[in-house]
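Chemist: Okay, so the sequence shown: first residue is 9 according to the numbering used here, each after it adds one. In this text, a Cβ means the ideal position worked out from N, Cα and C, and glycines have one as well. Here's a structure for you.
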Amino acid sequence: MAGTDLLQWRRQQLAHGGSAVDLDWLLDLAGGVRWASLQRLLLDPTRTISLEQSLEVLSQLWEQHLQGNVPLQHLVGLCPWRDVLLESSPAALIPRQETEVLVDLALSQFKTTPPARWADLGTGSGPLAVSLARAWPTSPGHGVDLSSDALRLAERNLQRCAPHHYCSLHLGSWWTPLKVWWGRLDLVVSNPPYIPSSVVDGLEAVVRDHEPHMALHGGEDGLDAIRAVVDGASTGLSPGGWLLLEHHHDQSILVIQLMRDAGLVQVSAAADLEGTLRFALARKPAATS
Ligand SMILES: C[S@@+](CC[C@H](N)C(=O)[O-])C[C@H]1O[C@@H](n2cnc3c(N)ncnc32)[C@H](O)[C@@H]1O
């Protein structure tokens, strides 16, 4: 189609509301108009451009997003995350960009030798499990979630993005389904629900009304899930094993203290790409002979 027609359609859609960043994301993921092609078109509107979806369908999706606050990832069914394109659905939290850092933190603890066995507690759609399975194709991994719908989505994402994965999925609460491997997990990552009760109701409608409550709500002070994960670490981890957690933007001091109180060592905080302390790292003490 003529580039001028697409740019005119884009202006019309933005006049209804929403942000250009979101509309361009929709054009890319649903329409097949890559960001770089769109930039070239903006510089030279005389170009032609091919679309993978009709403008009518794209207009409907945009309308659903604006009117119903439906996340674009749910409408398109996809979410780009690190180097993969994950399937996304209302069954699980939409993977967040900040969580990508948790993978880098995990990889940097195991630069020379991969963990003998790892786990992702609260795996959701499986972004962390997929990334770790791709990074360490010969190390067995485990993804755990209390939601069977989320686990079905995680399984599809593992098949899709890490087809030769060595990761099994388990239905249950935190460390419980992994009992047979307690004491043998060299690495456990978790991005658990950590939003305090008082904050959950005030979340934007696009989050509050479309993402699973179980993926967001961390109890009265937001730390219920984090306490459960930290409490299980000294039993579940192998000697010297690492626990890496994501938490809310204002929980760093509390989470660090929980880790110390649980007898973990080498406790430290790490920042997200905006400089906010959003991650906590700690180890189970190595065995003494
Ligand atoms: C914040 S989401 C994170 C999902 C995924 N790891 C990610 O980063 O996109 C938290 C996940 O923990 C799961 N969850 C909540 N309570 C749980 C429990 N008691 N045991 C295991 N998983 C739980 C939720 O179903 C949800 O998938």
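1. Pro-123 and Ser-139 look like a contact to me (Cβ under 8 Å); what is the Cβ gap, rounded to whole Å?
2. Please go through the segment 210-282 and give each complete beta strand (DSSP E) segment of 3 or more residues, from N-terminal end onward.
3. Measure the alpha-carbon distance for Ala-290 versus Ala-114 and round it to whole angstroms.
4. What does Leu-177 pair with, by DSSP beta-bridge criteria?
5. Ligand 1 and Asp-269: does the residue's C-beta get closer than 6 Å to at least one heavy atom of that ligand?
6. Nearest to His-299 by CA position, among Glu-163, Cys-169, Arg-168 and Gln-167, is which residue?
7. Using beta-carbon positions only, say whether Ala-158 and Ala-213 come within less than 7 Å of one another.
8. For the candidate residues Thr-121, Leu-129 and Leu-166, whose alpha-carbon lies nearest to that of Arg-142?
9. In terms of alpha-carbon separation, which member of Trp-190, Ser-198, Leu-101 and Asp-229 lies closest to Asp-258?
10. Mind checking whether the beta-carbon of Ser-139 lies closer than 6 Å to any heavy atom of ligand 1?
11. With DSSP run on the structure shown, which of helix, strand or coil describes Arg-55?
12. What number of angstroms, rounded off, separates the C-alpha of Trp-317 from the C-alpha of Glu-282?
13. Which same chain residues, not among the five before or five after Trp-70, have their C-beta less than 8 Å away from its C-beta?
14. Can you look up Val-92 in the DSSP assignment and give me helix, strand or coil?
15. In three-state terms, what does DSSP make of Trp-182?
16. Tell me the DSSP secondary structure of Ala-290 in three-state form.
17. Drop a sphere of 10 angstroms on the beta-carbon of Gly-39, count the other beta-carbons inside from all chains shown, and report buried for 16 or more, exposed for fewer.
Modeler: Answer, in terms of the structure:
1. Rounded, the Cβ-Cβ distance is 13 Å, inconsistent with contact.
2. 245-254 and 273-279
3. 11 Å
4. Gly-151
5. Every heavy atom of ligand 1 is 6 Å or more from the Cβ of Asp-269, so no.
6. Any question about residue 299 goes unanswered here, given that the chain covers just 9 to 297.
7. no
8. Leu-166
9. It is Asp-229.
10. Result no, Cβ not under 6 Å from ligand 1.
11. coil
12. A question about residue 317 goes unanswered here, because the residues of the chain that appear run from 9 up to 297.
13. Gln-21, His-24, Gly-26, Leu-31 and Leu-34
14. strand
15. It is coil, neither helix nor strand.
16. Of the three classes helix, strand and coil, the one that applies to Ala-290 here is strand, per DSSP.
17. buried
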